[in-house]
Amino acid sequence: MGGAPYSFEIEIPRRYFDVGLSASSGQMFRWKQTANSEWVGANGKHWFRVRVLDGREAYRVESSGPPTVFQSLFRLDWDAADVTETLTRLGPELEPYLQAMPGLRLTRSGDAVETFFSFLCSANNHISRITGMVNHLAAYGPRLEVVDVIDLHRFPRVATLAKVEEAELREKGFGYRAATITQIARELESRGGEAYLRSLGAMPYERAQIELLGFKGIGRKLADCIALFGLDHTEAVPIDTHIWQAATRLYFPHWQGTALTDRKYEEASAFIRNRFGRLAGWAQQALFYENVVNWRTRK
DNA sequence: ATTTGACCTGGGCGT
DNA sequence: GACTACAGGTCAAAT
1 MGGAPYSFEI
11 EIPRRYFDVG
21 LSASSGQMFR
31 WKQTANSEWV
41 GANGKHWFRV
51 RVLDGREAYR
61 VESSGPPTVF
71 QSLFRLDWDA
81 ADVTETLTRL
91 GPELEPYLQA
101 MPGLRLTRSG
111 DAVETFFSFL
121 CSANNHISRI
131 TGMVNHLAAY
141 GPRLEVVDVI
151 DLHRFPRVAT
161 LAKVEEAELR
171 EKGFGYRAAT
181 ITQIARELES
191 RGGEAYLRSL
201 GAMPYERAQI
211 ELLGFKGIGR
221 KLADCIALFG
231 LDHTEAVPID
241 THIWQAATRL
251 YFPHWQGTAL
261 TDRKYEEASA
271 FIRNRFGRLA
281 GWAQQALFYE
291 NVVNWRTRK
């Protein structure tokens, strides 16, 4: 396609920022690696194309947005060396997990609506199918650009999604989530749509959590994912099957192999949150993705 | 307060 | 190649 509106370099060591790892670790679902190993993706109203500069600790980024958008998305305003050092001081048990995932960063979505609907797709599902579903939803938004044959769309607004029929999503393979997604889209619109969602980012984590739990179809786990990845509540600790495995291994050995109940969810999540504070979400991401990568061989 | 069963679909792995 | 288990869970009903 024609020249990108913005083209800039980001200079940072790979151990502090691995763009592919950060983009494909289950925090966002609209990034792809191209044949020539560039990373191309979209978030909210922006698209990005990222390539590693030969022999240098730097990236060349083309984007619809200025550097600040990219920097915010990958949370480059947080110093990874500092975060890692603080995390290992607060929890030495984290060190092997952080070392196993060098360059993995906690991201910060620029679009709460996209994150909200992305994680509605994630319940009892696996990353590859979530990816397909999120990209189906994204196709309801206007096309931004085509980069290396990859169709990049602006993620649709709430009003658009609220008009989608359940049957339509069923046909696209959404399964039973077709019903919850269309219902929740309408509920979200009636609560004020995007403005309401954004307001959850401005209120304390605990209150945002309660608001999100008011949607039928959003439980603790999804509420925490939305809070963490979409509303910048970085102290949120979603407990999914992977974090549950890690948490029982590290902190609650007497619960290993047991089912996750409401009470245990609350205790495990609060424990990690109290241990790492506003860095808890970053810790969670390292524990999560290390377990995703290694869980098959571990058991 | 915990446990159980139902729920769409499609990679992936072992038989 | 069919089978089966399971995946970034949630809800309602039955212990």
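When we follow the UniProt record's numbering, the leftmost residue of the first sequence carries the number 1, and every step to the right adds one.
From the three backbone atoms N, C-alpha and C, an ideal C-beta is built for every residue, glycine too.
Exercise. Take the Cβ of Val40 as the centre, count every other Cβ of all protein chains shown within 10 Å, and call the residue buried at 16 or more, exposed below.
Key: Along the first sequence, one-based indexing puts residue 40 at 40. Per the 10 Å Cβ criterion, buried.
Exercise. Can you tell me which of Asn135, His153 and Leu137 puts its alpha carbon nearest to the alpha carbon of Arg143?
Key: Along the first sequence, one-based indexing puts residue 143 at 143. Out of Asn135, His153 and Leu137, His153 has the C-alpha closest to the C-alpha of Arg143.
Quiz prompt | Helix, strand or coil at Val146 [DSSP, three-state] | solution = By one-based count along the first sequence, residue 146 stands at place 146. Three-state result, Val146: strand.
Self-check item: Terminal residues of the alpha helix (DSSP H) in which Ala138 lies
Solution: Here residue 138 refers to the residue found at position 138 of the first sequence. Segment Ile127 to Ala138, the alpha helix (DSSP H) holding Ala138.
Exercise. Determine the burial state of Gln256: buried for a count of at least 16 other Cβ atoms within 10 Å of its Cβ, exposed for fewer.
Key: Translated into positions along the first sequence, residue 256 becomes position 256. The residue in question, Gln256, is exposed, as its Cβ has fewer than 16 Cβ neighbours within 10 Å.
Quiz item: Given 8 Å as the limit, is there contact between the region 76 to 92 and the region 20 to 38, that is, 3 or more CB pairs closer than that?
Solution: no
Practice problem: Round the Cβ separation of Phe29 and Ser118 to the nearest angstrom and send it over; I've been treating them as touching at under 8 Å. | Solution: Taking the first sequence and counting its residues from 1, one reaches residue 29 at position 29. Taking the first sequence and counting its residues from 1, one reaches residue 118 at position 118. Their Cβ separation, rounded to whole angstroms, is 5 Å, which keeps Phe29 and Ser118 in contact under 8 Å.
Quiz item: In or out: Ala259 buried (at least 16 other Cβ within 10 Å) or exposed?
Solution: Position 259 of the first sequence, counting from 1, holds the residue named residue 259. With fewer than 16 other Cβ atoms within 10 Å, it is exposed.
Quiz item: Going straight from the alpha carbon of Pro67 to that of Ile10, what length do you get?
Solution: Here residue 67 refers to the residue found at position 67 of the first sequence. Here residue 10 refers to the residue found at position 10 of the first sequence. For Pro67 and Ile10, the distance between alpha carbons rounds to 8 Å.
Self-check item: Assigned secondary structure, Phe155 (DSSP; H/G/I helix, E/B strand, else coil)
Solution: On the first sequence, position 155 is the one that residue 155 refers to. In the structure shown, Phe155 sits in coil (DSSP, three-state: anything other than H, G, I, E or B).
Quiz item: Starting from Val19 and walking both ways along the alpha helix (DSSP H), at which residues does that stretch end?
Solution: Taking the first sequence and counting its residues from 1, the one referred to as residue 19 is at position 19. Val19 -> alpha helix (DSSP H) spans Val19 to Ala23.
Quiz prompt | Asn124 in three-state terms, based on DSSP | solution = For this step, residue 124 is matched to residue 124 along the first sequence. In this structure, Asn124 counts as coil in the three-state DSSP scheme.
Quiz item: Anyone know if the C-beta pair for Ala162 and Ala185 falls short of 8 Å?
Solution: Position 162 of the first sequence, counted from the start, is the residue given in the question as residue 162. Position 185 of the first sequence, counted from the start, is the residue given in the question as residue 185. Yes, they are a contact pair.
Practice problem: Starting from the Cα of Asp151, find the closest Cα among Arg157, Thr160, Ala139 and Ala159 and give me that residue. | Solution: One-based indexing of the first sequence puts residue 151 at position 151. Measuring from the Cα of Asp151, the nearest candidate turns out to be Ala139.
Quiz prompt | Glu189 beta carbon less than 8 Å from that of Ala159 | solution = Here residue 159 corresponds to residue number 159 of the first sequence, with the count starting at 1. Here residue 189 corresponds to residue number 189 of the first sequence, with the count starting at 1. Going by C-beta atoms, Ala159 is nearer than 8 Å to Glu189.
Self-check item: Residue burial classification, Ala286 (beta-carbon count within 10 angstroms, cutoff 16)
Solution: Counting from one through the first sequence, the residue named residue 286 turns up at place 286. Result: buried.
Quiz item: Which residues in the same chain have their Cβ closer than 8 Å to the Cβ of Thr88, if we skip the five residues on either side of it in sequence?
Solution: Walking along the first sequence from the start, residue 88 turns up at place 88. Closer than 8 Å at Cβ, skipping near neighbours: Leu94, Glu95 and Leu98.
Quiz item: Can you give the Cα-Cα distance for Tyr289 and Val50, rounded to whole angstroms?
Solution: For the purposes of this step, residue 289 is identified with residue 289 of the first sequence, where counting begins at 1. For the purposes of this step, residue 50 is identified with residue 50 of the first sequence, where counting begins at 1. Rounded to the nearest angstrom, the two C-alpha atoms are 22 Å apart.
Quiz item: Closest to Ser122 by CA distance: which of Gly26, Phe276, Ala270 and Val292 is it?
Solution: In the first sequence, residue 122 corresponds to position 122, counting from 1. When each option's Cα is compared against that of Ser122, the closest is Gly26.
Quiz item: Between the beta-carbon of Asp232 and the beta-carbon of Arg108, is there less than 8 Å?
Solution: In the first sequence, counting from the first residue as 1, residue 232 sits at position 232. In the first sequence, counting from the first residue as 1, residue 108 sits at position 108. Against a cut-off of 8 Å, the Cβ pair of Arg108 and Asp232 comes out as a contact.
Practice problem: Have a look at Asp82, His254, Val237 and Trp47 and flag the residue whose alpha-carbon is nearest the alpha-carbon of Ile272. | Solution: For the purposes of this step, residue 272 is taken as residue 272 along the first sequence, with counting starting at 1. Ile272 has its Cα closest to that of Val237, out of Asp82, His254, Val237 and Trp47.
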